[in-house]
Every structure is written in structure tokens, then in C-alpha cells.
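S.K.: Under the UniProt record's numbering, think of the first position of the sequence shown as 1, with each following residue one higher.
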Amino acid sequence: MGLTSKLEKLKLKGDKESESEGETVRKTSETAVGEDNTDDIDEVDNEGQSILMGIISQLRPGCDLSKITLPTFILEKKSMLERITNFFQIPDLLLSANNETDDLQRFIKVTKWYLASWHIAPKAVKKPLNPILGEVFACYWDDLPDENKAYYISEQTSHHPPKSSYFYLVPKSKIRVDGVVVPISKFLGNSSAALMEGWGHVTFGDHDNEVYVMNQPNVYARGILFGKLRYELGDRMTIKCEKTGYEADIEFKTKGFISGTYDAVEGTIRSLKTKEDLYTISGKWNEVMDIKNLKTGKKDVLFDTHKTNTWKPKTRPLSEQLDIESRKLWHPTINALAKRDHELATNEKFKVENEQRAIAKKRIEDGVEFHPKLFTPNQRYSKDSTDLEYKIYKQFDLSTDPDTLTKNVLDVIPILPGQEHDSKFEIPAYKKKDSN
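#1: Taking the straight line between their C-alpha atoms, what separation do you get for S385 and K339?
#2: So what's N293 in DSSP terms, helix, strand or just coil?
#3: Here's the rule: buried if 16 or more other CB atoms are within 10 angstroms of the residue's CB, otherwise exposed. What is G283?
#4: In its own chain, which residues sit with a C-beta less than 7 Å from the C-beta of A121, not counting the 5 before and 5 after it?
#5: Reducing DSSP to helix, strand and coil, say where E353 ends up.
#6: When you compare only the Cα positions, how much space is there between T346 and K77?
#7: Determine the DSSP secondary structure at Y114, reduced to helix, strand or coil.
#8: Given a cut-off of 9 Å, decide if P372 and D134 are closer than it, judged by their beta-carbon atoms.
#9: In the DSSP assignment, what residue or residues form a beta bridge with M214?
#10: Which ranges would you report for the beta strand (DSSP E) in the segment 72–151 if only whole runs of at least 3 residues count?
#11: I'd like to check one pair, I364 with residue 503: are the Cβ atoms closer than 9 Å?
#12: Taking just the CA atoms, how far does L294 sit from T268?
#13: How many Å lie between Y166 and V202 at the Cα?
#14: E21 to F226, Cα distance in whole Å?
#15: Can you give the Cα-Cα distance for Q356 and D146, rounded to whole angstroms?
#16: How big is the Cα-Cα spacing for L302 and K127?
#17: Measuring only the C-alpha atoms, how far is R83 from N130?
#18: Which residues mark the beginning and the end of the beta strand (DSSP E) in which L302 is found?
#19: Rounded to whole angstroms, what's the CA-CA distance from D290 to T280? Just pull it up for me.
#20: Report yes or no: do three or more beta-carbon pairs, one from the segment 168–175 and one from the segment 390–409, lie closer than 8 Å?
#21: Please report how far the alpha carbon of G205 lies from the alpha carbon of W285, in whole angstroms.
#22: Which whole-angstrom value describes the C-beta separation of Y262 and E287, a residue pair presumed to lie in contact below a C-beta threshold of 8 Å?
#23: Which same chain residues end up closer than 7 Å to K273 when comparing Cβ atoms and leaving out the 5 residues on each side of it in sequence?
#24: Comparing alpha-carbon positions, which option in E155, E251, Q419, I90 lies nearest E320?
#25: By DSSP, does K307 sit in helix, in strand, or in coil?
#26: Would you say T305 and A97 are within 9 Å of each other, going by their C-beta atoms?
#27: Tell me, to the nearest whole angstrom, how far the beta carbon of W113 is from that of L93; I am working on the premise that it is less than 8 Å.
#28: What is the DSSP secondary structure of P317, counted as helix, strand or coil?
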């Protein structure tokens, strides 16, 4: 049976399951059909697993998966640029940290926000769409606690290896988040891994621009050849604030072959000045995490994921978006995924990727280099440091008033409905100076 025939069989099976389960789907001009549930459907049954095995059997352990075309039934209905916004869908925790006056408690609350963010993901094993070079995604939140509003801008600043650069701003509360996500995909036999390189920097302007520097755990998909397909977070990540002198060392534990449990997390918060361990963190990152004060022995719930309140990002209508913006670029693919029509999704995805290959070939023929439009390389960047490789090209001084900060972020790229694009945005980007 060929790949197309197998995909068509999956589509028919998906349609029958939807009918038997009495699924109802809703469709709007801005979201794909069934957006609320199809990312939670695990479609890798025996038929799907045979497709994966046919692709992966040609690979050797340790090889790079970034250039391998994976079947669309394991794809999430959003680009990686949009998936990063999962971290900003629990803004009440970040705002609470910013409002905390005690340095140590503020650090604990930042740790709580970051750890709590990881459970916001599809229930099934789904991989976000790989952004094409130069792809952009922008969104906003206009209904946050304490009358706050927030804005998010991102761009795919490199394709091989993939590098997603992003910027998040809450003008009223003077919160800024800059980051670069670099997922390095590896094949490990019955597992695949996204080794997460890159850093995130959270800056609180109301606390003398104190910066929290953090990296990410690695992501593993288990059972891609045999067994049940599921994903795990694994390995260590850190959160550090030099100004206040605290550091969190967190280990996401993967289940062993014989012992252990899924989704466990353990960590320590310590003083950088005295080297003393102050708190321990334990539990499951997708259920309940506890924190224990080592001085008093008191143990409390750090975060219960079952009580999460989320704020979904908003975007401009598709009719107002540029062709290079994520939701418009991938709209036909996303709609096909939502309908579980994987043959159509594959065809639509190939259209986007083939056009990207043609553009890359033309750049080579013309001797033209690609330069990001919205972000600029950091001349001080070193791979061995915690610096960011790319930063937003426009300067943002958090000491300025909220209205000015808002105007500056809206000048970078249209974010709100009704905003018009500057015609200069159509001009190919040029090499920018490091302005941050």
C-alpha cells in the first residue's frame, strides 16, 4: 500500500470516528475547523505507525531529523512561532511575580510561572509546523488582569538550523520577554528528541530591569516504532537572576525501562551568594508541583495544573495579514489537518515548502543573503554564553511610559485589527545594526 493510500485510509477512519462519537465542530474565519479538539487526537495507530516506520527505518541513530518530511497526522495546527505563545497564556502568574516586592518570593513566582507553562500543549503527540525562513507571527491580549495588555512578535530568523526569535511586551507593567528557540531534532531509535537550545530573558522594568535568564528541557517522543506513542520532557534546565542572587536548578525526569514514573520533576532553589539550598520542588509538571521550605520544613502546592486559567492570543483577521504571516501562510494546511484530511494537508504543506525552496534557490542565483526583518543578530552573542543570538531590532526602554512602549511595539509590525502595513515591509530586509 502506498503512502497516499495509507493517508487516505487514515482520513476515512478519522471521518468515521468523528461520526460515531457525535463530534460537533465549529468554523470561523480565523480558526480552523475543530481547532479545539483535533490536536488532542492521537492518530498514530498501527496504520500510522507503519508509515512512520517506513520513513524512519532508513535513518541511523543520532541523525538530524530537521530535513526529514514527517507525515502530517503528527502535526499540530500551528506554527512553532505561535506555539511559543503557550508560555504567555497564563499571564496572571507572571503579573503576580512582577507585583511581588520580596526578592526571593518574586524569584519563586517566576519559577512557578515558567514551570506551569509546560503543561499547555496538545494531549496527543503533536509537532508544530516548521516555520519557513522569514515567517512572522504577531498577536495580542487585550483582556489581561489589572487592565493590562500584551503584545507578541516573532520571526523565523534561521531555517537550518531552525531558530525562532520572539519578543513579548506588557507595557503597563513594564514586563519584557526576549528569546530564541532552537530545536535540534535527533533520531534515537525508538525515540526522537528535540534538543532545545537557546535562551529566554524575562525583564522586570519596575525592579530596576532585573533579568531572569532561563533555558528549556529537551522534548522526547517515545514509541515511534513500537509501543505507545507519547512525549516526555527530560534533562535539566535553569533559571537564574544575577541581580537578586537566586538560581533554580530543575530536572525533568524521564521514565526508566524498569523503574520510575512519567512526567516527574525535581529541583532546588538556592542562593548564589551563600550557595545555600533554600527550597526544593517536586511533583509532576503536568499535574501538581509542590515546594518545600528547607528551613521550616513546610511543604505547599507550588502549582496545580488542573486549576489553570488561560488567556488565548488574538490576531488580526486573515484578510488583513500578509502572506508571510503564520496563520495565513499555513491556513490551507491547518484547515486540512482540522478536517483530518491528511492527503490534502500533505499537498498544501508541500506547496508552501516548494515555494520556499524556489525562493532560496533564487537568492543563491542572485547572490543575495537573507536578513530578518524584525530581529537583528546580537554582535555580542557567544554560543557558550546565555546571550540571545537575535533581538528585536527596535529599542525598548522600559523606563518610558506605557503609551510610548505600546506605540513602539505597534510600529514594528501591525498587530491589532485595522492596522495597515507600511509599504516598506514588502522590501527585502537589509543587515541591521545591533541596537539593543
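Ideal Cβ positions, reconstructed from N, Cα and C, are used throughout, including at glycine. Note that the structure is predicted; figures quoted are calculated from it, not measured.
M.R.: Looking at the atomic coordinates:
#1: Position 385 of the sequence shown, counted from the start, is the residue given in the question as residue 385. Position 339 of the sequence shown, counted from the start, is the residue given in the question as residue 339. Using only the alpha carbons, I get a separation of about 44 Å.
#2: The count along the sequence shown starts at 1 and reaches residue 293 at position 293. Note: N293 maps to strand in three-state DSSP.
#3: Translated into the one-based positions of the sequence shown, residue 283 becomes position 283. G283 counts as buried, since at least 16 other C-beta atoms from the protein chains shown sit within 10 angstroms of its C-beta.
#4: Within the sequence shown, numbered from 1, the residue matching residue 121 stands at position 121. Counting only Cβ-Cβ distances below 7 Å, and skipping sequence neighbours, we find N86.
#5: Position 353 of the sequence shown, counted from the start, is the residue given in the question as residue 353. The answer is helix: DSSP assigns E353 an H, G or I state.
#6: In the sequence shown, the residue the question calls residue 346 occupies position 346. In the sequence shown, the residue the question calls residue 77 occupies position 77. The alpha-carbon atoms of T346 and K77 are separated by roughly 13 Å.
#7: Taking the sequence shown and counting its residues from 1, one reaches residue 114 at position 114. Of the three classes helix, strand and coil, the one that applies to Y114 here is helix, per DSSP.
#8: As a working mapping, residue 134 is identified with position 134 in the sequence shown. As a working mapping, residue 372 is identified with position 372 in the sequence shown. Note that residue 134 is Gly in the sequence shown here, rather than Asp. Yes.
#9: The residue you call residue 214 lines up with position 214 of the sequence shown. In DSSP, M214 forms a bridge with G200, I239.
#10: 75–79, 127–129, 136–141
#11: Past the edges of the chain, shown from 1 to 436, lies residue 503, and the structure says nothing about it.
#12: Counting from one through the sequence shown, the residue named residue 268 turns up at place 268. Counting from one through the sequence shown, the residue named residue 294 turns up at place 294. Cα to Cα, T268 sits roughly 10 Å from L294.
#13: Walking along the sequence shown from the start, residue 166 turns up at place 166. Walking along the sequence shown from the start, residue 202 turns up at place 202. Going by the C-alpha atoms only, they are around 12 Å apart.
#14: The sequence position of residue 21 within the sequence shown is 21, counting from 1. The sequence position of residue 226 within the sequence shown is 226, counting from 1. Legend: pLDDT at E21 = 34, less than 50; position of this residue unreliable, value from coordinates given subsequently. Rounded to whole angstroms, E21 to F226 spans 27 Å at the Cα level.
#15: Taking the first residue of the sequence shown as 1, we reach residue 356 at position 356. Taking the first residue of the sequence shown as 1, we reach residue 146 at position 146. Rounded to whole angstroms, Q356 to D146 spans 43 Å at the Cα level.
#16: Along the sequence shown, read from residue 1 onward, the residue named residue 302 stands at position 302. Along the sequence shown, read from residue 1 onward, the residue named residue 127 stands at position 127. Computed Cα separation, rounded: 28 Å.
#17: Working through the sequence shown from its first residue, we reach residue 83 at position 83. Working through the sequence shown from its first residue, we reach residue 130 at position 130. Whole-angstrom Cα-Cα distance: 11 Å.
#18: Here residue 302 is taken as the residue at index 302 of the sequence shown, counted from 1. 299–304 is the span of the beta strand (DSSP E), which, as asked, contains L302.
#19: If you number the sequence shown from 1, residue 290 lands on position 290. If you number the sequence shown from 1, residue 280 lands on position 280. Cα to Cα, D290 sits roughly 8 Å from T280.
#20: Touching, per the Cβ criterion.
#21: Residue numbering aside, residue 205 sits at position 205 when the sequence shown is read from its first letter. Residue numbering aside, residue 285 sits at position 285 when the sequence shown is read from its first letter. Approximately 29 Å, taken between the alpha carbons.
#22: Mapped onto the sequence shown, residue 262 falls at position 262. Mapped onto the sequence shown, residue 287 falls at position 287. Actually they do not touch by this definition, with Cβ atoms about 10 Å apart.
#23: Translated into positions along the sequence shown, residue 273 becomes position 273. Only G245 meet the Cβ criterion.
#24: Stepping through the sequence shown from its first residue, residue 320 is reached at position 320. If we check each option's Cα against that of E320, Q419 comes out closest.
#25: On the sequence shown, residue 307 is found 307 positions in, with the first residue counted as 1. K307: helix per DSSP, three-state reduction.
#26: Against the sequence shown, residue 305 aligns to sequence position 305. Against the sequence shown, residue 97 aligns to sequence position 97. No, they are not a contact pair.
#27: The count along the sequence shown starts at 1 and reaches residue 113 at position 113. The count along the sequence shown starts at 1 and reaches residue 93 at position 93. About 4 Å separates the two Cβ atoms, so the contact holds.
#28: Residue mapping note: residue 317 aligns to position 317 of the sequence shown, counting from 1. Of the three classes helix, strand and coil, the one that applies to P317 here is coil, per DSSP.
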